[in-house]
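Here the sequence shown stands for residues 60 to 479, numbered as in our numbering. We put the CB at the ideal spot given by N, CA and C, even for glycine. Report on the structure given below.
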Amino acid sequence: MTTDNTPRYVSRYTQGTLALVLAGGRGARLKHLTLQRAKPATPFGGKFRIIDFPLSNCVNSGIRRISILTQYKAHQLILHVQRGWNFLAGRFNEFVELLPAQQRVDGSWYQGTADAVYQNLDIIRGHKPEHVLILAGDHIYKMDYGPMIVHHVENGADITVGCIEVPRERAREFGVMSVDESMRVVKFQEKPENPEPLPGRPEVTLASMGIYVFSSRFLYEELKRDAEDPSSSHDFGKDVIPTNVPKGRMYAYPFLDVKTRAQHYWRDVGNVDAYFEANMELVYINPELNLYDDNWPIWTFQPQTPPAKFVLDEEGGRRGHAVNSMVSGGCIISGASLRRSLLFTGVRINSYANVENAVIMPYVNVGRGARLKNVVIDRGVEIPEGLVIGEDPELDAKRFRTTEQGISLITQPMIDRLNT
Numbered sequence: 060m061t062t063d064n065t066p067r068y069v070s071r072y073t074q075g076t077l078a079l080v081l082a083g084g085r086g087a088r089l090k091h092l093t094l095q096r097a098k099p100a101t102p103f104g105g106k107f108r109i110i111d112f113p114l115s116n117c118v119n120s121g122i123r124r125i126s127i128l129t130q131y132k133a134h135q136l137i138l139h140v141q142r143g144w145n146f147l148a149g150r151f152n153e154f155v156e157l158l159p160a161q162q163r164v165d166g167s168w169y170q171g172t173a174d175a176v177y178q179n180l181d182i183i184r185g186h187k188p189e190h191v192l193i194l195a196g197d198h199i200y201k202m203d204y205g206p207m208i209v210h211h212v213e214n215g216a217d218i219t220v221g222c223i224e225v226p227r228e229r230a231r232e233f234g235v236m237s238v239d240e241s242m243r244v245v246k247f248q249e250k251p252e253n254p255e256p257l258p259g260r261p262e263v264t265l266a267s268m269g270i271y272v273f274s275s276r277f278l279y280e281e282l283k284r285d286a287e288d289p290s291s292s293h294d295f296g297k298d299v300i301p302t303n304v305p306k307g308r309m310y311a312y313p314f315l316d317v318k319t320r321a322q323h324y325w326r327d328v329g330n331v332d333a334y335f336e337a338n339m340e341l342v343y344i345n346p347e348l349n350l351y352d353d354n355w356p357i358w359t360f361q362p363q364t365p366p367a368k369f370v371l372d373e374e375g376g377r378r379g380h381a382v383n384s385m386v387s388g389g390c391i392i393s394g395a396s397l398r399r400s401l402l403f404t405g406v407r408i409n410s411y412a413n414v415e416n417a418v419i420m421p422y423v424n425v426g427r428g429a430r431l432k433n434v435v436i437d438r439g440v441e442i443p444e445g446l447v448i449g450e451d452p453e454l455d456a457k458r459f460r461t462t463e464q465g466i467s468l469i470t471q472p473m474i475d476r477l478n479t
């Protein structure tokens with residue numbers, strides 16, 4: 060296929076594709092950040108939610124039929140989708156629909172990712188897709204799904220698995236595959252203890268991104284088979300994908316730059332350290348994830364807020380300023396210092412406060428004279444005047460949730476306990 064023909068084929072195939080975004084997971088490794096919200100609803104990047112990234116990828120790829128499967132504490136996620144993703148034109152059969160767990164098949168909730176899709180097969184069939192694109196709702200990346208669908212069709216595949224190269228020591232966190240010279244998958248292991256490296260590259264392993272393209276009829280048959288298997292955990296990575304390696308036509312699709320073959324940006328913000336690092340990368344001069352790319356915008360719902368404001372310019376240090384930071388709308392930095400930090404909507408930092416290496420979620424209020432370093436602060440927290448975090452690791456560990464890399468996660472109940 061020539062390059063000139065690609066857009067035409069991509070358009071035709073994406074229009075016949077239904078995207079299923081799996082957004083029902085708890086994300087337990089994010090600890091207190093997901094006590095009251097599903098992981099895909101977690102704020103990210105100053106004004107977005109994690110789920111905005113796969114949804115924006117779909118819309119930008121020309122996939123305008125999207126179903127979101129929810130389960131765990133989905134209220135915030137549902138509100139966000141209803142407010143920010145209702146702009147598609149239903150009269151043209153474009154939609155973002157929510158499919159909450161409804162016990163449609165029997166009396167059980169979703170038992171796994173494959174079961175979540177199986178329990179909604181009647182709805183999926185009703186959309187009559189040619190292909191079904193299955194996405195995790197909790198990863199940060201920008202990807203055009205069109206070429207992956209073309210890759211699937213040209214190989215006559217039953218399943219195509221999006222994959223990235225990861226360091227072998229991290230591969231235990233992923234589904235790991237081996238491929239032949241045609242990129243056909245010949246082996247797949249979910250989170251193995253001893254991941255198999257790429258030939259000739261012992262330090263690198265090929266890992267699944269949790270992105271799958273299925274031919275629709277094949278998907279229906281496999282989900283029915285899996286549902287009838289009493290030994291299955293009804294999960295794509297643990298059951299459906301490995302089962303089909305020897306009998307199905309399964310191909311890997313590497314998430315690489317077509318020209319340079321360099322690895323594209325992709326982050327699994329599965330724990331607090333990874334979440335902190337991915338947010339902090341955005342304040343770099345030239346971050347790998349470009350949020351200022353007009354050709355691939357990230358769509359979201361955002362409240363109407365005034366511009367960020369920096370006030371006071373007095374001698375003696377009472378000066379509102381920010382360096383190497385991102386500050387969202389509605390924030391007020393009043394006579395305070397902000398360095399290498401990312402502020403979400405409506406944050407207020409009061410006089411003489413010093414904030415460094417911080418990810419601060421919406422509507423946090425930092426009291427006068429507070430000193431905060433290496434922190435993630437949950438939404439709406441009231442930081443007391445003069446509170447010091449990030450200077451005494453032992454004290455921080457007693458008061459807050461502290462990670463292996465020394466990042467303190469702060470929630471309002473933790474602050475409330477300081478006064479008891």
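Query: Let me check understanding here. Comparing Cα to Cα, which of E336, F360 and D197 lies closest to E463?; Result: E336
Query: Would you call the CB atoms of V176 and S275 closer than 8 angstroms?; Result: no
Query: Could you please give me the residues that DSSP links to L147 through a beta bridge?; Result: DSSP output for L147 lists no bridge partner at all.
Query: Checking contacts by CB at 8 angstroms: is S241 closer than that to chain C?; Result: Given the protein chain composition of this structure (a single chain), no chain C is represented.
Query: Using CA coordinates, which residue listed in L157, F151, N152 and L128 is at the minimum distance from Q141?; Result: L157
Query: Go to T264, then tell me how far its beta strand (DSSP E) extends in each direction, as first and last residue.; Result: V263 to S274
Query: Going straight from the alpha carbon of T65 to that of N119, what length do you get?; Result: Unreliable placement is indicated for T65, whose pLDDT of 47 sits below 50; the coordinate value is still reported in the next sentence. The alpha-carbon atoms of T65 and N119 are separated by roughly 16 angstroms.
Query: Enumerate in chain order the residues of its own chain whose CB-to-CB distance from R377 is below 7 angstroms, with the five nearest sequence positions on each side excluded.; Result: L371, G394, S410 and Y411
Query: Note down the Cα distance separating N152 from N145, rounded to an integer number of angstroms.; Result: 13 angstroms
Query: Since I believe Y324 is in contact with Y200 (beta carbons under 8 angstroms), could you give me their beta-carbon distance rounded to a whole number of angstroms?; Result: 6 angstroms
Query: In chain order, what residues of the same chain have a beta carbon less than 7 angstroms from the beta carbon of G379, not counting five sequence neighbours either side?; Result: F369, V370, L371, I392, S393, G394 and A395
Query: Using 8 angstroms as the cut-off, can you tell me whether the segment 86-102 makes contact with the segment 430-440, which would need three or more C-beta pairs spanning the two stretches below that distance?; Result: yes
Query: Which of helix, strand or coil does DSSP assign to Q471?; Result: helix
Query: Considering only C-alpha positions, which residue in the set K457, Y312, E228 and R308 is nearest to E252?; Result: E228
Query: Using the beta-carbon count (16 or more within 10 Å), is N303 buried or exposed?; Result: buried
Query: Return helix, strand or coil for C222, following the three-state DSSP convention.; Result: strand
Query: According to the Cβ coordinates, are G445 and A429 closer than 8 angstroms?; Result: yes
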